[in-house]
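Engineer: Residue 17 in the UniProt record's numbering sits at position 17 of the sequence shown; the count goes up by one each step and never skips.
Handing you this structure, nothing more for now.
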Amino acid sequence: MKSRQAGRESQPPANADYLAVSIGALILKNIPGHISTEVDARPSFDADASIRTVT
């Protein structure tokens, strides 16, 4: 069970990014224009961290 909990701890950032993008997509369907979504900038210069966030 602990291994599942450890896996869950690493998932919220990706889930939060997915949620933010999903909300933006829903807004865009109803309001024409552009939607800007901000994501965590900390891994922006670390390609490995960026990949770990989405996998």
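No residue lacks a Cβ here, since even glycine has one placed at the ideal position from N, Cα and C.
#1: Measure the C-alpha to C-alpha separation of residue 32 and residue 26 and round it to an integer number of angstroms.
#2: According to DSSP, is residue 21 helix, strand or coil?
#3: Expressed to the nearest angstrom, what Euclidean distance is found between the alpha-carbon atoms of residue 36 and residue 52?
Structural biologist: Here's the rundown:
#1: Translated into positions along the sequence shown, residue 32 becomes position 32. Translated into positions along the sequence shown, residue 26 becomes position 26. When rounded, the separation of the alpha-carbon atoms in residue 32 and residue 26 is 11 angstroms.
#2: Taking the sequence shown and counting its residues from 1, one reaches residue 21 at position 21. Residue 21 falls in the helix class under three-state DSSP.
#3: For the purposes of this step, residue 36 is taken as residue 36 along the sequence shown, with counting starting at 1. For the purposes of this step, residue 52 is taken as residue 52 along the sequence shown, with counting starting at 1. Answer to the nearest angstrom: the Cα atoms are 23 angstroms apart.
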